[in-house]
Amino acid sequence: MNLIVDIGNTLVKLAVSDGGRIVAQRCVERLHPSMLDELLEGRRAAKAVVASTRGEADDVTEMVRPRADYLLEFTSQTPVPVANAYRTPETLGRDRLAAAVGATVLYPGRNVLIVDFGTAVTIDLVTADNTFRGGCISPGMKTRFRALHDYTACLPLCGPTDSGELQGLTTEEAIRLGVMNSLTFEIEGYMARMEKKIDDLCVIFTGGDAKYFAKRIKNTIFANCNLVFCGLDRILEYNASEEHLD
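Numbering (this note's numbering), first residue to last: 35 to 280.
So this is what it looks like as structure tokens:
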């Protein structure tokens with residue numbers, strides 16, 4: 035049994051894996067030791083991994099340490115089972131690299147475009163030769179809604195809509211449709227260009243806000259909200275077994 039801790043920009047995501055399969059998970063704003071005990075059902079994990087996009091996570095690491103026989107702190111120096119073409123690997127978000135590894139586990143030998151809908155939207159490419167080829171970063175859905183409210187004098191803070199309309203007849207409708215449609219068109223445009231450039235491209239949607247866009251995007255895509263967990267689990271096993279030393 036493995037314990038996976040993914041510290042994101044807004045939430046701490048927890049998961050338990052067994053034999054490569056995610057069997058339990060939870061998201062919290064602040065992590066307390068009792069939450070780990072509850073997720074583990076009072077048991078001790080054989081292995082654990084802690085990854086953070088916020089930087090240092092010593093407090094979380096110290097919570098996890100007594101609850102696992104083996105602990106991996108995922109940093110920019112951690113060996114991973116993919117090649118990395120990124121020019122500044124030390125600045126690459128752990129979640130982006132973990133998602134790339136997860137893509138190679140779920141879709142081996144495929145060219146994969148990963149669209150991760152979180153605080154930021156990242157669109158990354160992993161090629162069939164198991165190489166992370168980089169991508170792009172833009173503001174996420176909630177970030178766009180928040181920016182319109184915070185950086186204008188009168189616009190209200192709004193949330194997502196399922197409407198497929200193009201024009202809103204109230205200010206709130208206009209904001210909701212503006213954010214949802216602009217992000218949809220952005221993703222569709224990027225996918226269309228990449229599909230012309232890369233043969234046999236598989237597209238995966240992941241992240242907390244993926245559910246709002248999986249039904250909006252007309253192209254064939256796969257939705258997997260556990261992609262980062264899957265990648266972190268693989269990275270954990272890769273290091274615990276010392277495969278990188280073979």
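Glycine residues also receive a C-beta, built at the ideal position from the N, C-alpha and C atoms.
8 Å CB neighbourhood of residue i in its chain, flanking five on each side removed
i	result
residue 105	81, 82, 83, 84, 95, 98 and 99
residue 273	106, 112 and 113
residue 50	35, 36, 37, 38, 56, 57, 58, 59, 73, 74 and 79
residue 165	116, 117, 118 and 119
Buried or exposed by the 16-neighbour rule on C-beta atoms within 10 Å, applied to residue i
i	result
residue 216	exposed
residue 187	exposed
residue 130	buried
residue 47	buried
8 Å Cβ cutoff met for residue i and residue j
i	j	result
residue 134	residue 158	yes
residue 169	residue 161	no
residue 262	residue 136	yes
residue 206	residue 194	no
residue 209	residue 237	no
residue 214	residue 253	no
residue 147	residue 45	no
residue 151	residue 269	no
residue 149	residue 232	no
residue 139	residue 265	yes
residue 267	residue 54	yes
residue 218	residue 250	yes
residue 41	residue 102	no
Other residues of its chain near residue i: CB distance less than 6 Å, five sequence neighbours each side excluded
i	result
residue 260	56
residue 127	87
residue 248	239 and 257
residue 141	236
residue 229	235
Neighbourhood of residue i by C-beta distance below 7 Å, restricted to the same chain and skipping five residues each side
i	result
residue 123	110
residue 67	97
residue 322	In this structure the chain extends from 35 to 280, so residue 322 is not present and cannot be described.
Beta-ladder partner(s) of residue i, from DSSP
i	result
residue 151	155
residue 108	85
Next on the checklist: Does the contact criterion of 3 or more C-beta pairs under 8 Å hold for the segment 239-246 versus the segment 173-180?
Outcome noted: Touching, per the Cβ criterion.
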